[in-house]
């Protein structure tokens, strides 16, 4: 199955698929995440984790809910500086769809086995 969305990637990571084939914009996002060094990834994942926690946390008051969600994305500014805004938004979307940032950390355990201009193939290491 070829993955084209953050939600599909989140499902593949949750299911620990052995091989993941990516196409479209999600491919570029994964390349940015995989290319990030360990120290900068620690900073990025911390910022993304705060954003995901704020997005997933229940807020009873509708007025507070909007402010909470906006502050969640503002908290991700450290990740934006490292990954760029598009990749950060996609990373947050993947983590939210997967139920947490663990999916993003497991993505880093996959190795790129093939990359041509159109497709990216990852294999679990």
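In full-length UniProt numbering, the protein residues as written are 1 to 125. The beta carbon of each residue, even a glycine, is placed where N, CA and C say it ideally should be. Note that the structure is a prediction, hence the values are computed from the model and not measured.
Discussion item. I'd like to know if the region 104-116 and the region 71-82 are in contact, where contact means that at least 3 CB-CB pairs between them fall below 8 Å.
Written reply: no
Practice prompt. Assuming residue 49 and residue 121 form a contact by the criterion Cβ under 8 Å, report the distance between their Cβ atoms to the nearest whole angstrom.
Written response: Rounded, the Cβ-Cβ distance is 28 Å, inconsistent with contact.
Worksheet item: Taking the runs of the alpha helix (DSSP H) that are 4 residues or longer, which of them lie wholly in the region 11-40?
Response: Runs found: 25-35.
Item to complete: Since I believe residue 95 is in contact with residue 14 (beta carbons under 8 Å), could you give me their beta-carbon distance rounded to a whole number of angstroms?
Response: No, residue 14 and residue 95 are not in contact; Cβ-Cβ is about 11 Å, not under 8 Å.
Worksheet entry | Closest residue to residue 28 among 78, 99, 88, 105 (Cα-Cα distance) | 88
Worksheet item: With respect to the beta strand (DSSP E) encompassing residue 121, which residues constitute its N-terminal and C-terminal limits?
Response: 119-124
Worksheet item: Given a threshold of 16 other Cβ atoms within 10 Å of its Cβ, counted over all protein chains shown, does residue 9 qualify as buried or as exposed?
Response: buried
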